[in-house]
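Inspection log for the structure reproduced underneath, given as structure tokens.
Residue numbers (the numbering used here): 6 to 343.
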């Protein structure tokens, strides 16, 4: 095992903040991962498993070990007349998994096109977009226990999925490293274009009866148009979750804000568009030094070049406070903070 000391994280995290890890290493097999987890260095200090680095913000140097998951591979493990089961290794880029399936007409994850990060990160926060969540198609998660090194398989139910939530963020947080995900996809797909923005985009493209390829292309076009490329402008995509509030609270807010953006949610609750709330508080396009809110999408915080992680975090705190003050709604960060 090779440990790199005082390793810069600027190029392996999408915020591109100038921070360093005390140690850094990479694994590309389960056997190598077991060696890393058994090493004295890793046992004696904190460590973080990093995938694509697209959902993290370091507010300062990390006094521990960054372990990069580079296990790759996509394969069909089972199929019948109606469904195909795809196993994707945790280190695979999520968008590559989507394209693999879309190009073979395996339906179910086309709405999740162009979401940054790796396949292994997907179940942790139950990634979702345009009316679809990973839990809708996830069959199984394979993971290794950090302490015992035993490999366990979690069923969909055992993952305890919620809105941007799972057992890996709650009860089992810090206990497992995800090795692979298995997805159950439809060989005779039916597209989901219930999300208004998506149906309008397809209509604008002149597509009446869309295929999953059409849906994927439309999602890519939408996301590319409103989300900045992290290679050109540091960001982690949506920084905040869309808040869920009781319907009674929503009705009171709506009385004073007739144009409030909202979506259907679980019974008794309404999901608000966090971007709309932030924009109403005057943050869209605002910049404080090199930390800012994107000019086209208020949900996205950006690094214009030399912002520190703490400056970006402090900006997010100001946004949370202003939304709470104006609407009585407390935003929750979607990005993991270290």
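For each residue, glycine too, the CB sits at the ideal point set by N, CA and C.
Given this structure, state the Cα-to-Cα distance separating residue i from residue j, to the nearest angstrom.
i	j	result
residue 220	residue 230	15 Å
residue 317	residue 297	8 Å
residue 41	residue 128	23 Å
residue 339	residue 186	21 Å
residue 250	residue 119	28 Å
residue 262	residue 232	26 Å
Following the continuous beta strand (DSSP E) through residue i, name the residue where it begins and the one where it ends.
i	result
residue 143	143 to 150
residue 308	305 to 308
residue 279	Where residue 279 is concerned, there is no enclosing beta strand (DSSP E), although the alpha helix (DSSP H) it sits in stretches over 279 to 285.
residue 269	267 to 269
residue 187	181 to 191
residue 156	156 to 160
residue 297	296 to 298
Give the range of the alpha helix (DSSP H) segment to which residue i is assigned.
i	result
residue 317	314 to 332
residue 202	201 to 209
residue 220	217 to 231
If distances are taken between C-alpha atoms only, which option among the options comes closest to residue i?
i	options	result
residue 82	45, 240, 190	190
residue 63	199, 20, 253	20
residue 123	58, 243, 247	58
residue 275	286, 74, 258, 141	258
residue 341	288, 139, 245	245
Contiguous alpha helix (DSSP H) assignments of at least 4 residues, all confined to the region 57 to 133
Uninterrupted alpha helix (DSSP H) stretches at least 4 residues long and entirely within the region 57 to 133 occur at 99 to 107, 127 to 130, given in chain order.
Three or more C-beta pairs below 8 Å linking the region 89 to 96 and the region 118 to 134
Touching, yes.
Okay, do the region 72 to 89 and the region 128 to 142 touch, 3+ Cβ pairs below 8 Å being the bar?
In short, these stretches do not touch, since the Cβ pair count stays below three.
Length at least 3, wholly inside the region 9 to 54: the beta strand (DSSP E) runs in chain order:
The region 9 to 54 contains these whole beta strand (DSSP E) runs: 9 to 13, 25 to 32.
Taking 8 Å as the cut-off, does the region 206 to 221 touch the region 178 to 185 (at least 3 CB pairs, one atom from each stretch)?
These segments do not touch.
Can you give, in chain order, each stretch of the beta strand (DSSP E) that sits fully within the region 233 to 263 and has at least 3 residues?
Counting whole runs of 3 or more residues, the region 233 to 263 contains the beta strand (DSSP E) stretches 239 to 243, 249 to 251.
May I ask you to verify whether the region 9 to 22 touches the region 164 to 176, counting CB pairs closer than 8 Å and requiring at least 3?
Under the 8 Å Cβ criterion, the region 9 to 22 does not count as touching the region 164 to 176, having fewer than three qualifying pairs.
Using 8 Å as the cut-off, can you tell me whether the region 290 to 310 makes contact with the region 268 to 281, which would need three or more C-beta pairs spanning the two stretches below that distance?
Contact holds: three or more Cβ-Cβ distances are below 8 Å.
Between the region 263 to 272 and the region 35 to 51, are three or more C-beta pairs nearer than 8 Å?
A contact between stretches requires three or more CB pairs, one per stretch, nearer than 8 Å, and the region 263 to 272 fails this requirement with the region 35 to 51.
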